[in-house]
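Residue numbers (numbering that gives the first Met the number 0), protein chains in the order written: chain V, 0 to 387; chain S, 0 to 387. What follows is a single structure, written as structure tokens, with notes after it.
Protein chains: 2
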Amino acid sequence: MDFLLQLLLILIVAKFFGELFERVGIPAMIGEIGAGIVLGPAILGIVVMGDTLKIFSDIGIITLLFISGVEMDVGLIAKSKGIAASTALAGVVVPFVTGWIIGTFFGLTFFETLFIAIVLSVTSIGISVRTLIDMKKINTIVGTTIVSAAVLDDIIGIFLIAVLISFASQGTFSPGSFLPAIAVSLIFLVVFLTVGKVFILKLFSWTRKTETHEMVYSTALIIGIASAYLAHSAGLHYSIGAFIAGAILGGQIRSDRVLLDSLMDVAFGFFVTIFFVSIGLLFTPDWNTVFTPLLFPIIILAFAGKIAGGFIGSGPFMDWRSSLVVGIGLCPRGEITLVIANIALAAGIITAGLYSSVTVMVIVTILLTPFMMKKAFSSADSSVDTGE
Amino acid sequence: MDFLLQLLLILIVAKFFGELFERVGIPAMIGEIGAGIVLGPAILGIVVMGDTLKIFSDIGIITLLFISGVEMDVGLIAKSKGIAASTALAGVVVPFVTGWIIGTFFGLTFFETLFIAIVLSVTSIGISVRTLIDMKKINTIVGTTIVSAAVLDDIIGIFLIAVLISFASQGTFSPGSFLPAIAVSLIFLVVFLTVGKVFILKLFSWTRKTETHEMVYSTALIIGIASAYLAHSAGLHYSIGAFIAGAILGGQIRSDRVLLDSLMDVAFGFFVTIFFVSIGLLFTPDWNTVFTPLLFPIIILAFAGKIAGGFIGSGPFMDWRSSLVVGIGLCPRGEITLVIANIALAAGIITAGLYSSVTVMVIVTILLTPFMMKKAFSSADSSVDTGE
Chain V
0 MDFLLQLLLI LIVAKFFGEL FERVGIPAMI GEIGAGIVLG PAILGIVVMG
50 DTLKIFSDIG IITLLFISGV EMDVGLIAKS KGIAASTALA GVVVPFVTGW
100 IIGTFFGLTF FETLFIAIVL SVTSIGISVR TLIDMKKINT IVGTTIVSAA
150 VLDDIIGIFL IAVLISFASQ GTFSPGSFLP AIAVSLIFLV VFLTVGKVFI
200 LKLFSWTRKT ETHEMVYSTA LIIGIASAYL AHSAGLHYSI GAFIAGAILG
250 GQIRSDRVLL DSLMDVAFGF FVTIFFVSIG LLFTPDWNTV FTPLLFPIII
300 LAFAGKIAGG FIGSGPFMDW RSSLVVGIGL CPRGEITLVI ANIALAAGII
350 TAGLYSSVTV MVIVTILLTP FMMKKAFSSA DSSVDTGE
Chain S
0 MDFLLQLLLI LIVAKFFGEL FERVGIPAMI GEIGAGIVLG PAILGIVVMG
50 DTLKIFSDIG IITLLFISGV EMDVGLIAKS KGIAASTALA GVVVPFVTGW
100 IIGTFFGLTF FETLFIAIVL SVTSIGISVR TLIDMKKINT IVGTTIVSAA
150 VLDDIIGIFL IAVLISFASQ GTFSPGSFLP AIAVSLIFLV VFLTVGKVFI
200 LKLFSWTRKT ETHEMVYSTA LIIGIASAYL AHSAGLHYSI GAFIAGAILG
250 GQIRSDRVLL DSLMDVAFGF FVTIFFVSIG LLFTPDWNTV FTPLLFPIII
300 LAFAGKIAGG FIGSGPFMDW RSSLVVGIGL CPRGEITLVI ANIALAAGII
350 TAGLYSSVTV MVIVTILLTP FMMKKAFSSA DSSVDTGE
């Protein structure tokens, strides 16, 4: 099918579903992901993920994380650094350990056990960020903790995935095959947060003095995409570069309301929608093999592990209702998990049944998290309102 | 090369060249086209036109024409209908006839003569529209005449191209092979301007009442792209559908300043830039064969024919300086001409030398027209200012 027609189908069905869902109180993004499930291989099979669509979707996650960086108060991130680190750590360790236990309990192979442990440990940031922005909660201590912990989780996740791939390709644990890549990622982060930051701020101030009318807008997009691209080249996920670039430019962009509105329009009105639809398109369980005894334990652990981890990690720093929200905010798994699952399936280290179970788990966490966050936030808020 | 890297190169070099040119008084779009020439096969050859880039470029011309439709006062178009028709007709007939004469004079084959006549008759609307928007002249009688005449030219051009392709593929004039296609185009236009118009207006009003925050923005883009896609499916160029859709929604979008600004940002700050760079990328003359005796006559005729035609067609309705601007505004040839040239070359009905000459002619008209329009406009304006 002609790509423009695919794009139109994606946008029309996604916006229609989003509106429909919004009217009955379900977050619009669930409708957008649902549009992808309906249009994609899981149901109708009329839209498939191709190279061009992947680019639009990548720009979607880039603009989403760039804007979440922009909206976030850097001072608040700095203040909650310790909370984020503690939350990220517990939010990885607890699911990893529980994943390992369940794998051993079900008598799975070493690789399958490692796979489950890793898949349960990786957080996907998009869903929680969109929910936090929609609820105007991104600039609260809970919001910054969720986002910063998820970004740190992502970095830890890269390490875990490198380990898994090293195992999958060589059948043994050989640090030499992935340590250099991790060193590159860390060096990138250090350079980006020092030299890169100064350069980005200088470049952006310069564009305010240019003759070209849309220069500030173009530069914001260029910086966001370039940072994402560099992060990706350094072995990290696009979202990390885009998020940091957004946070660096946050003050300057927030003070220009027209620019911020315009960037939010192109993100949420176009590219981010395509990203959420793409998540739905990636949902390709094999219905014949999906109902393994592992399906429900994996889904329950996906929630329990992250909620417990987030709760334990952030608990010492905030009231228990808030740290419950933090735990819930770490639950969504996303395209990274699906990519790992595809690599593992292709490498033959997991069965088709395990693959399908994980795919279903991803979608369930994505679909349920926004509700649970809303509920938990309103309960946390009302406890504050009543002076508890 | 990774597509995101290509995209970044395109945006960075284009915006840099655009700013540089703007500072020395040359329109930014010339810098953007220049960026395409430098990055593309003509010079460095590090960026090539691929499928994904083509989509971004298509969305560029779609948003450009959509916005020019939005900015244009429909009342003024209706009032200048007669002028537009007369200008479009003379603007095609004069170049066609002069093209035929020059082909005969140089002793070219029948096909080559027909090719030159057609190539000289087709106008590309993007350059003039961008210049008119930049100069805030789109809502003058000169502006509406140029744009409406160019749109009509485009429709006539589709007919001429159909004739050429019919000749090229069958070696003889057989109306049966292209008349059905032309009928489809005309039926589409009638349906679009009646039923389509009512539907678009209803749909857009409805989106104002939706719950989804960016719905109006998304719907504007969806309507623009969908109209372009339908026009294209009916055998017309994307730009015609996008332009008409923009004109239909003009009143509603112009009254929402935030929405209009946001649409202009995504167009001129992102997609339109990619479109202009793509024009430069399509510039692939064969320098060994380009210097035929035909090169300079074709370039001179490309200007002379359209200026004379536009002048004759619009002369009876406005002062002579204004109708000179109209003629100049019809001069640019663009991607349609390049596509025809590629078809003709592939079909073996023109020589490589003629192909390269036409390619150079296209770039010269694109690069010179914005200057000439600026000059002519300021001379026309000053004659009005002094009460002439």
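Beta carbons: idealized from backbone N, C-alpha and C, even for Gly.
Inset, instruction - Would you verify that the beta carbon of Y216 of chain V is, or is not, closer than 8 angstroms to some beta carbon of chain S? - result: Sequence index remark: in the first sequence, residue 216 of chain V carries index 217 (1-based). Chain S, which has a Cβ nearer than 8 angstroms to the Cβ of Y216 of chain V, makes this yes.
Inset, instruction - Would you mind working out which of S:K196, S:E31, S:A34, S:V69 sits nearest S254 of chain S, comparing C-alpha positions? - result: In the second sequence, the residue the question calls residue 254 of chain S occupies position 255. The shortest C-alpha separation from S254 of chain S is found at S:V69.
Inset, instruction - Inspect the beta-carbon positions of D57 of chain V and L4 of chain S and report whether they are closer than 8 angstroms. - result: Position 58 of the first sequence, counted from the start, is the residue given in the question as residue 57 of chain V. Position 5 of the second sequence, counted from the start, is the residue given in the question as residue 4 of chain S. Not closer than 8 angstroms, so no.
Inset, instruction - Spell out whether any CB of chain V is found under 8 angstroms from the CB atom of S322 of chain S. - result: Mapped onto the second sequence, residue 322 of chain S falls at position 323. No - not a single Cβ of chain V is within 8 angstroms of the one on S322 of chain S.
Legend entry - Interface partners of F354 of chain S on chain V, CB under 8 angstroms: On the second sequence, residue 354 of chain S is found 355 positions in, with the first residue counted as 1. In the sequence under discussion, the amino acid at residue 354 of chain S is Tyr, which differs from the Phe named in the question. Correct list: empty, because the minimum Cβ distance to chain V is about 28 angstroms.
Legend entry - Closer than 8 angstroms to chain V by CB, V338 of chain S: Here residue 338 of chain S corresponds to residue number 339 of the second sequence, with the count starting at 1. No, V338 of chain S lies away from the interface with chain V (no Cβ there is under 8 angstroms from its Cβ).
Legend entry - Reduced DSSP category for T108 of chain S - H, G, I as helix; E, B as strand; rest coil: Counted from its first residue, the second sequence places residue 108 of chain S at position 109. Correct three-state label for T108 of chain S: coil.
Inset, instruction - Say whether chain V places a C-beta atom closer than 8 angstroms to the C-beta of T211 of chain S. - result: Looking up residue 211 of chain S in the second sequence gives position 212. Output row for T211 of chain S: interface = yes.
Inset, instruction - Might you give, ordered along the chain, the residues of its own chain that have their beta carbon closer than 8 angstroms to the beta carbon of S173 of chain S, omitting 5 neighbours on each side? - result: The sequence position of residue 173 of chain S within the second sequence is 174, counting from 1. These residues qualify, in order along the chain: S165.
Inset, instruction - Please report how far the alpha carbon of Q251 of chain V lies from the alpha carbon of G90 of chain V, in whole angstroms. - result: Locating residue 251 of chain V in the first sequence gives position 252, counting from the first residue. Locating residue 90 of chain V in the first sequence gives position 91, counting from the first residue. Taking the straight line joining both Cα atoms gives about 32 angstroms.
Legend entry - Neighbour flag for V261 of chain V against chain S, beta carbons, 8 angstroms: Taking the first residue of the first sequence as 1, we reach residue 261 of chain V at position 262. The amino acid occupying residue 261 of chain V in the given sequence is Ser; Val does not appear at that position. For S261 of chain V, the answer is yes, since a Cβ of chain S falls inside 8 angstroms of its Cβ.
Legend entry - Alpha carbon of I298 of chain V to alpha carbon of M71 of chain V, nearest angstrom: On the first sequence, residue 298 of chain V is found 299 positions in, with the first residue counted as 1. On the first sequence, residue 71 of chain V is found 72 positions in, with the first residue counted as 1. For I298 of chain V and M71 of chain V, the distance between alpha carbons rounds to 31 angstroms.
Inset, instruction - Could you run through the segment 16-29 of chain S and flag, in chain order, every residue whose CB is less than 7 angstroms away from some CB of chain C? - result: Absent from the structure: chain C. Protein chains present are V and S.
Inset, instruction - Counting only runs of 4+ residues fully inside the segment 319-365 of chain V, write out the alpha helix (DSSP H) ranges in chain order. - result: 319-328, 334-345
Inset, instruction - Verify whether the separation of the beta carbon atoms of G98 of chain V and L119 of chain V is less than 8 angstroms. - result: Residue 98 of chain V sits at position 99 when you count from the first residue of the first sequence. Residue 119 of chain V sits at position 120 when you count from the first residue of the first sequence. In this structure, L119 of chain V lies closer than 8 angstroms to G98 of chain V by Cβ.
Inset, instruction - Can you tell me which of the three DSSP states K208 of chain V falls into? - result: As a working note, residue 208 of chain V is residue 209 in the first sequence. Note: K208 of chain V maps to coil in three-state DSSP.
Legend entry - Assumed close pair L64 of chain S, S238 of chain S - CB separation to whole angstroms, cut-off 8 angstroms: For this step, residue 64 of chain S is matched to residue 65 along the second sequence. For this step, residue 238 of chain S is matched to residue 239 along the second sequence. 4 angstroms between Cβ atoms; contact.
Inset, instruction - Round the Cβ separation of F177 of chain V and A161 of chain V to the nearest angstrom and send it over; I've been treating them as touching at under 8 angstroms. - result: Numbered from its first residue, the first sequence carries residue 177 of chain V at position 178. Numbered from its first residue, the first sequence carries residue 161 of chain V at position 162. That pair is a contact at about 4 angstroms.
Inset, instruction - Could you tell me whether any Cβ in chain S is nearer than 8 angstroms to the Cβ of D153 of chain V? - result: Position 154 of the first sequence, counted from the first residue, corresponds to residue 153 of chain V. With 8 angstroms as the cut-off, D153 of chain V does not count as an interface residue toward chain S.
Inset, instruction - Could you work out which residues of chain S lie near D50 of chain V, taking near to mean beta carbons separated by less than 7 angstroms? - result: Within the first sequence, numbered from 1, the residue matching residue 50 of chain V stands at position 51. The contacting residues are T51.
Legend entry - Cβ contact check for the segment 262-271 of chain V and the segment 210-225 of chain S: 3 or more pairs under 8 angstroms: yes
Legend entry - 8 angstroms Cβ cutoff, A34 of chain S in contact with chain V: Residue 34 of chain S sits at position 35 when you count from the first residue of the second sequence. A34 of chain S does not count as touching chain V.
Legend entry - Contact list for F191 of chain V against chain S, beta-carbon separation under 7 angstroms: Sequence index remark: in the first sequence, residue 191 of chain V carries index 192 (1-based). The premise fails here: F191 of chain V is roughly 16 angstroms from chain S at the closest Cβ pair, so nothing lies under 7 angstroms.
Legend entry - Sequence-distant residues of its chain with Cβ nearer than 7 angstroms to T358 of chain V (five each side left out): Within the first sequence, numbered from 1, the residue matching residue 358 of chain V stands at position 359. Same-chain partners within the cutoff: F282, T283, P284, L337, A340.
Inset, instruction - Output the distance between the C-alpha atoms of V257 of chain S and P369 of chain V, rounded to the nearest integer angstrom. - result: Locating residue 257 of chain S in the second sequence gives position 258, where the first residue counts as 1. Locating residue 369 of chain V in the first sequence gives position 370, where the first residue counts as 1. The straight-line gap from Cα to Cα measures roughly 29 angstroms.
Legend entry - Within chain S, partners of V257 of chain V - CB distance below 8 angstroms: Mapped onto the first sequence, residue 257 of chain V falls at position 258. Within chain S, the residues near V257 of chain V are V257, D260.
Inset, instruction - Could you confirm whether any beta carbon from chain V is found closer than 8 angstroms to the beta carbon of L4 of chain S? - result: Indexing the second sequence from 1 puts residue 4 of chain S at position 5. Taking Cβ atoms only, chain V reaches closer than 8 angstroms to L4 of chain S, which makes this a yes.
Inset, instruction - Could you tell me which of V:L202, V:M134, V:L7, V:F302 sits nearest to V46 of chain V, measuring between CA atoms? - result: Numbered from its first residue, the first sequence carries residue 46 of chain V at position 47. Considering only alpha carbons, the answer is V:L7.
Inset, instruction - Using a Cβ cut-off of 8 angstroms (strictly closer), state whether L10 of chain V contacts chain S. - result: On the first sequence, position 11 is the one that residue 10 of chain V refers to. Yes, L10 of chain V lies at the interface with chain S (some Cβ there is under 8 angstroms from its Cβ).
Inset, instruction - Tell me, please, whether the segment 124-144 of chain V touches the segment 313-330 of chain V by the rule of three or more beta-carbon pairs shorter than 8 angstroms. - result: yes
Legend entry - Three-state class that DSSP yields for H231 of chain S in the structure shown: As a working note, residue 231 of chain S is residue 232 in the second sequence. Three-state DSSP puts H231 of chain S in a helix.
Inset, instruction - Figure out for me which residue from S:I199, S:A148, S:H212 has the closest Cα to the Cα of V121 of chain S. - result: Residue 121 of chain S sits at position 122 when you count from the first residue of the second sequence. Per the Cα distances, S:A148.
Inset, instruction - Indicate whether at least one CB of chain S lies closer than 8 angstroms to the CB of V325 of chain V. - result: In the first sequence, residue 325 of chain V corresponds to position 326, counting from 1. No, V325 of chain V does not count as interfacial toward chain S.
Inset, instruction - Please classify A345 of chain S: is it buried, with 16 or more other beta-carbons within 10 angstroms of its beta-carbon, or exposed? - result: Against the second sequence, residue 345 of chain S aligns to sequence position 346. With fewer than 16 other Cβ atoms within 10 Å, it is exposed.
Inset, instruction - Say whether chain V places a C-beta atom closer than 8 angstroms to the C-beta of A225 of chain S. - result: Reading the second sequence from its first residue, position 226 is the one you call residue 225 of chain S. Answer yes: the Cβ-Cβ gap between A225 of chain S and chain V drops below 8 angstroms somewhere.
Inset, instruction - Starting from I25 of chain S, trace the alpha helix (DSSP H) both ways and give me its first and last residue. - result: What you label residue 25 of chain S is simply residue 26 of the second sequence in a count that begins at 1. Premise fails: I25 of chain S is in no alpha helix (DSSP H) and is neither H nor E.
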